[in-house]
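Below: one structure, written as structure tokens.
In mature numbering (1 follows the signal peptide of the UniProt record, and there is no 0), the protein residues as written are -25 to -1, 1 to 96.
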């Protein structure tokens, strides 16, 4: 009788530990969370904007940089609008972001580069 009870308890303990250990194993999703911890968020104020088309062109141009996760206009759209940029500083630099913004062509005059980054938050 004691032998059956001992075997049942041993089996229950082994099963419990096996289930609890698999709950702590790493999954591919946890690696994505780790990489997002490296990302930096910066808000830049850009002047020279004349229309909503400019906002989209700037965001699209910056998103093409290696290491940029997101670039979106924040706040009220105006001639001096702010953009929130999320990027990995191991893949690109703040000065590269500024250059990308300022190298974006105007939607009205594709041969002109009217945008200037005025501040960083």
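Beta carbons: idealized from backbone N, C-alpha and C, even for Gly.
Any idea which residues DSSP pairs residue i with across the strands?
i          : result
residue 46 : 60
residue 91 : 22
For residue i, which residues in the same chain have their Cβ closer than 7 Å to its Cβ, ignoring the five residues on either side in sequence?
i          : result
residue 27 : 52
residue 5  : Confidence at residue 5 is low in this model, with a pLDDT of 46, below 50, so the placement of that residue should be treated as unreliable; the coordinate-derived value is given next. Taken in chain order, the list of residues that qualify is empty.
residue 64 : 15
What residue from the options has the CA that sits closest to residue i's CA?
i          : options        : result
residue 91 : 31, 13, 22, 18 : 22
residue 93 : 87, 81, 70     : 70
residue 33 : 14, 63, 56, 42 : 56
residue 54 : 40, 41, 25     : 25
residue 46 : 18, 66, 67, 68 : 18
Using a Cβ cut-off of 8 Å (strictly closer), state whether residue i contacts chain B.
i          : result
residue 36 : Looking for chain B here will not work: only one protein chain is present.
Counting C-beta neighbours from all protein chains within 10 Å, is the total for residue i 16 or more, i.e. buried, or is it exposed?
i          : result
residue 31 : exposed
residue 75 : buried
residue 29 : buried
Excluding the 5 residues flanking residue i on each side, which residues of the same chain have their C-beta closer than 8 Å to its C-beta?
i          : result
residue 88 : 77, 78, 79, 80, 81
Just confirm the distance between the C-beta atoms of residue i and residue j, as a whole number of angstroms; I'd bet it's less than 8 Å.
i          : j          : result
residue 14 : residue 44 : 6 Å
residue 59 : residue 73 : That belief does not hold up - the Cβ atoms of residue 59 and residue 73 are roughly 15 Å apart, past 8 Å.
residue 42 : residue 66 : 3 Å
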